[in-house]
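Okay, so here's the structure we're looking at.
Number of protein chains: 2
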Amino acid sequence: MKKIRITLVGGGTGLSVLARGLRKYPVDISAIVSVADDGGSTGIIRDQIDMPAPGDIRNVMTALSDVETKLENLFAYRFKKEALGGHALGNLMLAAMYDMTGDFAVAVKELSKILNVKGTVIPSTNISPKLAARMEDNSIIVGESYIPEVKQKIEEVYLIPNDTVATPEAIEAIEKSDVIVFGPGSLYTSIIPNLIPEGMKEAIGKAPGIKVYVSNIMTQIGETVGYSAADHLDAINTHMGQNVIDFIILNEEDIKGRISDYYNRNDMTAVESDRDRLGEMGATVITDHRLVEIDGEGAVRHDNKVLAEIIYDIALKEISTLQYKK
Amino acid sequence: MKKIRITLVGGGTGLSVLARGLRKYPVDISAIVSVADDGGSTGIIRDQIDMPAPGDIRNVMTALSDVETKLENLFAYRFKKEALGGHALGNLMLAAMYDMTGDFAVAVKELSKILNVKGTVIPSTNISPKLAARMEDNSIIVGESYIPEVKQKIEEVYLIPNDTVATPEAIEAIEKSDVIVFGPGSLYTSIIPNLIPEGMKEAIGKAPGIKVYVSNIMTQIGETVGYSAADHLDAINTHMGQNVIDFIILNEEDIKGRISDYYNRNDMTAVESDRDRLGEMGATVITDHRLVEIDGEGAVRHDNKVLAEIIYDIALKEISTLQYKK
Chain L
1 MKKIRITLVG GGTGLSVLAR GLRKYPVDIS AIVSVADDGG STGIIRDQID
51 MPAPGDIRNV MTALSDVETK LENLFAYRFK KEALGGHALG NLMLAAMYDM
101 TGDFAVAVKE LSKILNVKGT VIPSTNISPK LAARMEDNSI IVGESYIPEV
151 KQKIEEVYLI PNDTVATPEA IEAIEKSDVI VFGPGSLYTS IIPNLIPEGM
201 KEAIGKAPGI KVYVSNIMTQ IGETVGYSAA DHLDAINTHM GQNVIDFIIL
251 NEEDIKGRIS DYYNRNDMTA VESDRDRLGE MGATVITDHR LVEIDGEGAV
301 RHDNKVLAEI IYDIALKEIS TLQYKK
Chain D
1 MKKIRITLVG GGTGLSVLAR GLRKYPVDIS AIVSVADDGG STGIIRDQID
51 MPAPGDIRNV MTALSDVETK LENLFAYRFK KEALGGHALG NLMLAAMYDM
101 TGDFAVAVKE LSKILNVKGT VIPSTNISPK LAARMEDNSI IVGESYIPEV
151 KQKIEEVYLI PNDTVATPEA IEAIEKSDVI VFGPGSLYTS IIPNLIPEGM
201 KEAIGKAPGI KVYVSNIMTQ IGETVGYSAA DHLDAINTHM GQNVIDFIIL
251 NEEDIKGRIS DYYNRNDMTA VESDRDRLGE MGATVITDHR LVEIDGEGAV
301 RHDNKVLAEI IYDIALKEIS TLQYKK
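Quick mapping for you: the protein sequence lines, in order, are chains L and D. Residues in the first sequence are numbered consecutively from 1, following the working numbering. Residues in the second sequence are numbered consecutively from 1, following the working numbering.
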């Protein structure tokens with residue numbers, strides 16, 4: 001039997017968490033990952049080697065590995081000795097493969113084979129782009145890590161150089177998927193950066209698979225403060241030039257009383273479900289009372305098992321409907 | 001059915017070549033590898049990080065991998081940029097694991113899991129020893145790579161520090177093996193260094209498995225010039241303090257006319273089969289007219305397929321004899 005093909009689109013930790021949950025199901029997972037990150041150690045290595053950002057790629061490879069903890073430790077290891085640099089070993093491994101193959105997507109594929117990574121990890125673009133944002137006041141901020149820092153309303157994000165092209169591997173994954181999942185993750189700095197390389201918008205627009213957006217549970221400082229679920233979806237559709245999302249997975253439980261003060265102090269609130277506007281955009285709402293996991297300290301996140309279960313159910317239903325239609 | 005357990009003992013390229021040949025058979029392979037090498041890039045990294053020699057370990061891991069060429073390229077990769085050092089990436093990976101685990105044998109085991117290496121690669125000792133040789137004139141040469149350079153007759157080799165202990169993993173492999181294969185490889189700098197860490201001699205002496213020595217085809221400059229097959233075996237037995245080898249695999253074809261001038265110029269001749277003396281030492285001779293591979297330029301080596309086939313046959317026969325005895 002042909003396995004269901006699921007493509008995840010995102011970056012940051014959100015994508016890794018979902019990949020880890022889905023790994024347990026009999027599905028073919030591809031993950032299209034943003035490579036515009038310029039913060040932390042990824043920023044440091046990009047200063048020395050002009051390459052797409054390795055950090056999120058590493059995290060997803062780790063999440064799809066059978067020896068997850070071991071690989072995570074190896075990837076994260078930094079030599080103390082000055083002579084060997086302060087680089088994370090995983091970044092060096094990706095840099096080495098990139099230098100040998102001259103193609104970042106091929107480098108990720110080859111390293112994935114060596115490390116016996118299940119699924120396919122695909123950088124959204126093969127060059128080393130910068131993410132830029134135009135704010136409501138028309139000011140331009142360049143650099144993924146700087147965008148949330150100005151704490152202004154974002155109108156649009158784009159890549160520099162302007163003609164950054166999507167990897168053929170990413171386009172192919174989109175074309176062949178039964179289900180395409182956007183998120184969870186930072187809206188403007190993890191998800192949308194994958195949609196804007198040339199060729200991607202058209203591929204997603206034409207793709208036969210069903211498109212699912214996983215809304216964040218909390219709004220995010222410097223990116224989505226005050227945003228409802230429909231505002232999130234609207235940002236995606238605006239960058240896509242059309243309504244593309246078939247299903248939106250969101251939380252409708254009242255969690256106000258259980259979240260930590262950290263959120264209140266930073267104007268971060270639960271993302272509100274505005275079903276009417278979502279319906280107007282053509283997105284069917286899917287929710288589950290077990291979707292949110294709140295730990296003892298009031299930190300909020302998706303329950304990755306529940307999220308994976310929901311996505312697998314959507315995929316199964318859709319596949320059987322399609323077979324029935326034939 | 002329990003798989004036949006074969007342990008290879010050696011170093012250098014000989015061990016890798018045999019491992020590659022045996023990988024195709026349904027056997028459990030362990031490889032005990034000498035870590036006293038101090039030449040080339042291995043020497044350079046040992047100058048900066050006090051660790052057992054990673055080079056031969058890497059080669060055997062590669063030979064036991066399903067993605068051999070890819071892993072070989074990644075391991076061998078060196079960054080051109082000064083800031084990232086001139087180190088082979090594989091040495092850095094082993095150094096990182098060694099630093100994280102504090103135990104070289106565990107480091108090799110963990111990295112093998114991450115890289116999905118079949119079989120078990122075991123350093124013969126966990127510390128960073130130097131190999132020393134006492135020559136016929138009682139002079140002492142320290143450093144594996146220097147020993148062959150003096151081109152004198154070697155009386156004995158030993159490790160510094162003197163109390164270097166064998167890894168428990170190596171002892172266990174010896175105890176549990178159905179077949180233990182010594183060589184092919186440099187007699188004094190690849191094979192014997194594995195026999196001298198404390199605990200090894202006793203383990204091999206008591207081991208129930210059959211012991212096979214694969215004789216080199218050509219004598220080796222600075223190590224075994226003028227040696228017959230029995231002289232090779234005698235060197236092993238002398239270091240072991242007893243006769244331990246049950247079978248010796250050697251070449252008896254006349255290859256004189258087919259070898260390159262390089263050998264003649266360096267006093268390297270075909271190793272002579274002196275069956276009477278071998279018999280006195282308790283070793284049964286096994287030979288095959290296809291054992292030697294000579295390329296168009298007259299370079300001589302073992303045919304790794306034939307060698308693996310011979311060893312697998314010995315193992316099968318021995319196992320069935322043992323079952324019959326029970």
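Ideal placement from N, C-alpha and C gives every residue a C-beta, glycine not left out.
A straight-line Cα-Cα distance of about 22 Å links residue 177/L and residue 187/L. Within its own chain, the residues whose Cβ lies closer than 7 Å to the Cβ of residue 125/L, once the five positions on either side in sequence are excluded, are 35, 52, 164, 165, 166, 167, 197, listed in chain order. For residue 73/D, a Cβ of chain L is located within less than 8 Å of the residue's own Cβ. Secondary structure note for residue 234/L: its alpha helix (DSSP H) is the uninterrupted segment 229-240. Within chain D, the residues placing a beta-carbon under 7 Å from that of residue 97/L are 74, ordered along the chain.
As DSSP reads the structure, residue 93/D sits in no beta bridge.
Rounded to the nearest whole angstrom, the CA to CA distance from residue 27/L to residue 311/L is 11 Å.
Chain-order list of chain D residues neighbouring residue 93/L: 74, 89, 93, by C-beta distance under 8 Å.
Note on the region 293-325 of chain L: whole beta strand (DSSP E) runs with a minimum of 3 residues are 300-302, in chain order.
With contacts defined as CB atoms closer than 8 Å, residue 281/D and residue 216/D fail to qualify as a contacting pair. In this structure, the beta-carbon distance from residue 191/L to residue 247/L does not fall below 8 Å.
Of 86/D, 32/D, 70/D, 189/D, the smallest CA-CA separation from residue 106/L is found for 70/D.
Residue 120/D carries a strand assignment under DSSP once its states are collapsed to helix, strand and coil. Annotation: the region 175-212 of chain L contains the following complete segments of the beta strand (DSSP E) (minimum length 3 residues), in chain order: 179-182.
In the displayed model, residue 135/D falls within a strand according to three-state DSSP.
By the rule that beta-carbons nearer than 8 Å mark a contact, residue 115/D touches chain L. Taking 8 Å as the cut-off, the beta carbon of residue 319/L is found no closer than this to the beta carbon of residue 283/L.
Separation of the CB atoms of residue 67/D and residue 16/D is rounded to 15 Å, and the pair is thereby denied contact status at 8 Å.
Residue 110/D belongs to the set of residues whose beta carbon lies under 8 Å from a beta carbon in chain L. Membership of residue 108/D in any beta strand (DSSP E) is not indicated; the residue belongs instead to the alpha helix (DSSP H) covering 104-114.
Relative to residue 12/D, the option among 58/D, 272/D, 23/D, 265/D whose CA is nearest is 58/D. Residue 75/D carries a helical assignment under DSSP once its states are collapsed to helix, strand and coil.
Taken through DSSP and simplified to helix, strand or coil, residue 167/L comes out as coil. The beta carbon of residue 297/D is closer than 7 Å to those of 260 in its chain, skipping five residues each way along the sequence. Assigned with DSSP and collapsed to three states, residue 17/D falls in helix. Using a CB distance cut-off of 8 Å, residue 61/D does not count as an interface residue toward chain L.
For residue 88/L, there is no enclosing alpha helix (DSSP H), since its DSSP letter is neither H nor E. Against chain L, a Cβ distance below 7 Å from residue 70/D picks out 110, 113, 114. For residue 79/D, the nearest CB of chain L lies under 8 Å from its own CB, placing it at the interface with that chain.
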